[in-house]
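K.L.:
What follows is a single structure, and I will ask about it in a moment.
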Amino acid sequence: MKEFVEYIAKQLVDQPDQVAIEEESRDEKLVLRVKVAQPDIGKIIGKKGRTAFALRTLVAAVGKKAGKRVSIEVID
């Protein structure tokens, strides 16, 4: 799952070498924290949060197929 999110994030940003994904397990949920360079935060979030929403939807669908609850947090 981490590799999937990292791949997508790197395709969206101008500085792909600055993309870092942190994994944390909380109860029965996997939390993925996405860190990108400051100028690229807007590209990950998108206009009115649409890109972040789409990314969360994709990850939730893939996670559900694998039997996991997954969420994404964008941190700066």
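The sequence shown maps to residues 3 to 78 in this note's numbering.
Cβ coordinates follow ideal geometry from the N, Cα and C atoms, glycine included.
This structure is a prediction, so every number in the text was calculated from the model and none was measured.
In angstroms with no decimal places, state the Cα-to-Cα distance between ILE47 and LYS66.
P.N.:
Going from the Cα of ILE47 to the Cα of LYS66 covers about 22 Å.
K.L.:
Could you give the DSSP three-state label for VAL36: helix, strand or coil?
P.N.:
VAL36 falls in the strand class under three-state DSSP.
K.L.:
For ILE23, is the classification buried or exposed, using 16 other Cβ atoms within 10 angstroms of its Cβ as the cut-off for buried?
P.N.:
By the 10 Å Cβ count, ILE23 comes out buried.
K.L.:
Would you please state the rounded distance, in angstroms, between the beta carbons of LEU32 and ARG71? I believe it to be under 8 Å.
P.N.:
That pair is a contact at about 7 Å.
K.L.:
With DSSP as the reference, please indicate the residues paired to VAL72 in a beta bridge.
P.N.:
DSSP, once it has assigned bridges, lists LEU32 as partnering VAL72.
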